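Asker: One structure, as structure tokens, below. Some questions next.
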Amino acid sequence: MSKESGVRFGVLDPTLYGAARVFDYLGARGQDMLDKVGEGIIEYGLTEGYFEQSSNPHEFVGNIVKFFAQNGYVNNVKIDQTGETMNITMWNWRFLPIMKKLRSRNSYLLTCPMCIANNAITKSAGVMGERISEQVTPDGMYTMTIKMVPGIRNTRQTVIPLKPADLSNTPLASQMNESLGLPAFEAVAYGLARAFDYLGAQAQLLLDKVGAGVIEFLQEELQISLPNEPSKAVENLALFFTKNQLADEIRSQISPSEAKISFTNYRYARVLRRLLSEGITLVSCPFTLTVRTLLRQRNLAAGDVKWKFVGERDVSLTMPIVRIADQQFDEEKVASLMESP
Amino acid sequence: MSSHNSKIDSQPDALTVISDSLESLEKPVVLALIDPIRYQEAVIGLLRYFMGKVPRGIYVSLNKPYAVLAKTFEKSGISVDSLFFVDAITNVPALQEEADHSCLGSTVDLSSLCIATSKAVNRFAEDKFLVLDSLSTLLIYNESKAVAKFAHLLTEKMRRWNTSGSLLTVEMNAEKDVVSQLAPFCDKVVRI
Chain A
229 MSKESGVRFG VLDPTLYGAA RVFDYLGARG QDMLDKVGEG IIEYGLTEGY
279 FEQSSNPHEF VGNIVKFFAQ NGYVNNVKID QTGETMNITM WNWRFLPIMK
329 KLRSRNSYLL TCPMCIANNA ITKSAGVMGE RISEQVTPDG MYTMTIKMVP
379 GIRNTRQTVI PLKPADLSNT PLASQMNESL GLPAFEAVAY GLARAFDYLG
429 AQAQLLLDKV GAGVIEFLQE ELQISLPNEP SKAVENLALF FTKNQLADEI
479 RSQISPSEAK ISFTNYRYAR VLRRLLSEGI TLVSCPFTLT VRTLLRQRNL
529 AAGDVKWKFV GERDVSLTMP IVRIADQQFD EEKVASLMES P
Chain B
1258 MSSHNSKIDS QPDALTVISD SLESLEKPVV LALIDPIRYQ EAVIGLLRYF
1308 MGKVPRGIYV SLNKPYAVLA KTFEKSGISV DSLFFVDAIT NVPALQEEAD
1358 HSCLGSTVDL SSLCIATSKA VNRFAEDKFL VLDSLSTLLI YNESKAVAKF
1408 AHLLTEKMRR WNTSGSLLTV EMNAEKDVVS QLAPFCDKVV RI
């Protein structure tokens, strides 16, 4: 499990931020949707052999923590339990910068992949954690006190801490150039698509909205320029995602009717292959989602993605593009056609 | 970590919500606004509600292939024999029409979808209901104004056909326009 072959946080962080932004409108129930991503992370990790299942929830949680620690998402996690109260302390927890940004928008949803995977485990045992308080030290040690209560759905109490931490001294973008292990990235990418597969094709609408959050993050935090001209904007995105190691090279060709993109040594390839083999056509590649949203923001709708593997990790895709303004619906004309035998 | 098996989740099931909301309505045309978490439960609940009242149903799917849906419904104890599926998601090279379903292909436009739905409704003389699953999917490729027009036309036709039924939309913060434009044309907006 080498960190060198992974992706940078520049790929993961905007994606996690985007995922939280998508479900903000649902309030506490949004966390239930995100915990479903946690179920997908667990499924991927177990079936790929990245961690082991345990009938003891405490041990199972420990296995997942170890996996994320090995992948560079956290240095160490310490859990102390007294009765129903649990103190969780994390060192160098990589979600902190995202949490800070989300909190600045008054969003308390948690998209830390390690946490949502653990939420999925405790939920399956009929237990939820009500968030009592949080603290962060200037050197980044984060402590959360939670009270375990019976439940299977999130409530305001399980999402918003009674006493939230002051994150004003937490740095935001400093980890962008650091790497996350590929298995952890893959688990998140798989979890995103797997989580919403039960919704069918309409889930792509949710996933595309992750792309909107990614764009928001890239523009606000990294001042990425996304010109109005679609091909130029996609090119800039491709440069960003290549720099952040989603692929060694991303080449794009955007015409008025089609987007063609090819990836060399694409870190999403393994997840894609698995999703397609499971009959899941939803796309969760952060770059592709962002391109779809970017086109939509320019009044262009991207159709179903067609993938082609040209090597183990070399992949190309095509997406038809239609101008939304061209899709008129003539109510009167269609009404009369409906009356015809 | 201690384990608790008692559930504190006490919200009413989808069928109860639907039945209670539509109690006083004869042949309701319903806009179902569904919490994404409860999507499957809501679909089953709506089918159970309408099947309890009307012998035949037309299920227009833009989300899942009819073969997948039929299996899911059967697993939930719903008899698919009384359903006709209009499948607008399975990839087929040309229109396919069978006794229990028609496949339009996955790139169908709003006009063709209307015509195919009308054709399916006209196949059956008996009393029937219509479920459109879902408006949200249409929003991936169409602007909300066009989707609202489409839904408006469909609800108008449902009344002319004397057909009850439901247009589904998953609560996604994207369909607000459609909901506000369509709500006046439906007998009820049911939140599940």
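Residue numbers (my numbering), protein chains in the order written: chain A, 229 to 569; chain B, 1258 to 1449. Backbone N, C-alpha and C fix where the C-beta goes; we use that ideal spot for every residue, glycine too. Quick caveat: nothing in here was measured; it's all calculated off a predicted structure.
Helix, strand or coil: which one does DSSP assign to residue 527/A?
Answerer: Numbered from its first residue, the first sequence carries residue 527/A at position 299. Coil.
Asker: Check the Cβ-Cβ distances between residue 542/A and every residue of chain B, and say whether any is below 9 Å.
Answerer: Here residue 542/A corresponds to residue number 314 of the first sequence, with the count starting at 1. Not closer than 9 Å to any Cβ of chain B, the Cβ of residue 542/A fails to qualify, so no.
Asker: Under 9 Å, do residue 506/A and residue 480/A count as touching if we go by C-beta distance?
Answerer: In the first sequence, counting from the first residue as 1, residue 506/A sits at position 278. In the first sequence, counting from the first residue as 1, residue 480/A sits at position 252. Against a cut-off of 9 Å, the Cβ pair of residue 480/A and residue 506/A comes out as no contact.
Asker: When the Cα atoms are used, what is the spatial distance from residue 1426/B to residue 397/A?
Answerer: As a first step, residue 1426/B must be located in the second sequence, where it is residue number 169. As a first step, residue 397/A must be located in the first sequence, where it is residue number 169. So the alpha carbons of these two residues sit roughly 42 Å apart.
Asker: Can you check whether the CB of residue 301/A is closer than 9 Å to the CB of residue 408/A?
Answerer: For the purposes of this step, residue 408/A is identified with residue 180 of the first sequence, where counting begins at 1. For the purposes of this step, residue 301/A is identified with residue 73 of the first sequence, where counting begins at 1. Closer than 9 Å, so yes.
Asker: At 4 residues or longer, what runs of the alpha helix (DSSP H) sit wholly inside the segment 479-515 of chain A?
Answerer: Counting only runs of 4 or more, we get 497-505.
Asker: Once you ignore the five residues that flank residue 1261/B on each side, which residues in its own chain have a CB closer than 8 Å to its CB?
Answerer: Taking the second sequence and counting its residues from 1, one reaches residue 1261/B at position 4. Legend: pLDDT at residue 1261/B = 41, less than 50; position of this residue unreliable, value from coordinates given subsequently. No residues qualify anywhere along the chain.
Asker: Could you tell me the distance, in whole angstroms, from the CA atom of residue 557/A to the CA atom of residue 325/A?
Answerer: One-based indexing of the first sequence puts residue 557/A at position 329. One-based indexing of the first sequence puts residue 325/A at position 97. Approximately 45 Å, taken between the alpha carbons.
Asker: Which residues share a DSSP beta bridge with residue 1360/B?
Answerer: The sequence position of residue 1360/B within the second sequence is 103, counting from 1. In the DSSP output, where bridge partners are listed per residue, residue 1360/B has 1344/B, 1353/B.
Asker: Return helix, strand or coil for residue 1260/B, following the three-state DSSP convention.
Answerer: Residue mapping note: residue 1260/B aligns to position 3 of the second sequence, counting from 1. Confidence at residue 1260/B is low in this model, with a pLDDT of 39, below 50, so the placement of that residue should be treated as unreliable; the coordinate-derived value is given next. In this structure, residue 1260/B counts as coil in the three-state DSSP scheme.
Asker: Residue 440/A and residue 250/A: beta carbons closer than 9 Å?
Answerer: Translated into positions along the first sequence, residue 440/A becomes position 212. Translated into positions along the first sequence, residue 250/A becomes position 22. Closer than 9 Å, so yes.
Asker: Nearest to residue 383/A by CA position, among 371/A, 469/A, 357/A, 311/A, is which residue?
Answerer: Position 155 of the first sequence holds residue 383/A. Answer by Cα proximity: 357/A.
Asker: With H, G and I counted as helix, E and B as strand and the rest as coil, what does DSSP make of residue 375/A?
Answerer: Indexing the first sequence from 1 puts residue 375/A at position 147. In this structure, residue 375/A counts as strand in the three-state DSSP scheme.
Asker: Using a Cβ-Cβ cutoff of 9 Å, what residues of the segment 1286-1309 of chain B are near chain A? List them in chain order.
Answerer: Going along the segment 1286-1309 of chain B in chain order, one finds 1292, 1293, 1294, 1296, 1297 with a Cβ nearer than 9 Å to chain A.
Asker: Taking C-alpha atoms, which residue in 538/A, 242/A, 371/A lies nearest to residue 317/A?
Answerer: By 1-based counting over the first sequence, the position of residue 317/A is 89. Ranking the options by Cα distance to residue 317/A, first place goes to 371/A.
Asker: Against chain B, which members of the segment 416-430 of chain A pass a CB distance test of less than 9 Å?
Answerer: The segment 416-430 of chain A vs chain B, Cβ under 9 Å: 424, 426, 427, 428, 429, 430.
Asker: Using a Cβ-Cβ cutoff of 7 Å, what residues of the segment 1394-1407 of chain B are near chain A? List them in chain order.
Answerer: Against chain A - using a Cβ distance shorter than 7 Å - the residues of the segment 1394-1407 of chain B are 1394, 1396, 1397, 1398, 1399, 1400, 1403, 1406, 1407.
Asker: Pick out the complete beta strand (DSSP E) segments inside the segment 333-384 of chain A, 3 residues or longer, and give them in chain order.
Answerer: Listed in chain order, they are 355-364, 369-378.
Asker: If you draw a straight line from the alpha carbon of residue 1286/B to that of residue 368/A, how long is it in whole angstroms?
Answerer: Sequence index remark: in the second sequence, residue 1286/B carries index 29 (1-based). Sequence index remark: in the first sequence, residue 368/A carries index 140 (1-based). If I take the Cα positions, the gap works out to 55 Å.
Asker: Give a yes or no on whether 9 Å exceeds the smallest Cβ distance from residue 559/A to chain B.
Answerer: As a first step, residue 559/A is located in the first sequence; it is residue number 331 there, counting from the start. Judged by the 9 Å Cβ criterion, residue 559/A is in contact with chain B.
Asker: Pick helix, strand or coil for residue 1310/B, following the three-state DSSP scheme.
Answerer: In the second sequence, the residue the question calls residue 1310/B occupies position 53. In the structure shown, residue 1310/B sits in coil (DSSP, three-state: anything other than H, G, I, E or B).
Asker: For residue 1278/B, I'd like the list of residues in its chain whose CB is within less than 7 Å of its CB, leaving aside the five on either flank, ordered along the chain.
Answerer: Counting from 1 along the second sequence, the entry for residue 1278/B is found at position 21. For residue 1278/B, where only same-chain residues beyond five positions count, the Cβ hits under 7 Å are 1445, 1447.
Asker: Can you tell which of 1310/B, 1334/B, 1348/B has the C-alpha that lies nearest to the C-alpha of residue 1323/B?
Answerer: Residue 1323/B sits at position 66 when you count from the first residue of the second sequence. It is 1348/B.
Asker: What does residue 563/A touch in chain B if you count any residue whose Cβ is under 9 Å from its own?
Answerer: For the purposes of this step, residue 563/A is taken as residue 335 along the first sequence, with counting starting at 1. Going along chain B in sequence order, the residues near residue 563/A (Cβ under 9 Å) are 1371, 1410, 1413, 1414.
Asker: Starting from residue 1420/B, trace the alpha helix (DSSP H) both ways and give me its first and last residue.
Answerer: Numbered from its first residue, the second sequence carries residue 1420/B at position 163. Taken as a continuous stretch (DSSP letters only), residue 1420/B belongs to no alpha helix (DSSP H), as it is neither H nor E.
Asker: Does residue 1243/B have its Cβ less than 9 Å from a Cβ in chain A?
Answerer: Residue 1243/B lies beyond the stretch modelled for chain B, which goes from 1258 to 1449, so this question has no answer here.
Asker: For residue 477/A, list the residues DSSP reports as bridge partners.
Answerer: If you number the first sequence from 1, residue 477/A lands on position 249. Its beta-bridge partners are 492/A.
Asker: For residue 533/A, which of helix, strand or coil comes out of DSSP?
Answerer: Counting from one through the first sequence, the residue named residue 533/A turns up at place 305. Correct three-state label for residue 533/A: coil.
Asker: Given that a residue counts as buried once 16 or more other Cβ atoms are within 10 Å of its Cβ, and exposed if not, what is residue 1359/B?
Answerer: Taking the second sequence and counting its residues from 1, the one referred to as residue 1359/B is at position 102. Answer is buried; the Cβ neighbour count reaches 16.
Asker: Per DSSP, what kind of secondary structure is residue 1323/B in: helix, strand or coil?
Answerer: Translated into the one-based positions of the second sequence, residue 1323/B becomes position 66. Correct three-state label for residue 1323/B: helix.
Asker: Report all residues from its chain with a CB closer than 7 Å to the CB of residue 1409/B; omit the five preceding and five following residues, and keep chain order.
Answerer: For the purposes of this step, residue 1409/B is taken as residue 152 along the second sequence, with counting starting at 1. Cβ neighbours of residue 1409/B beyond the five flanking positions: 1439, 1442.
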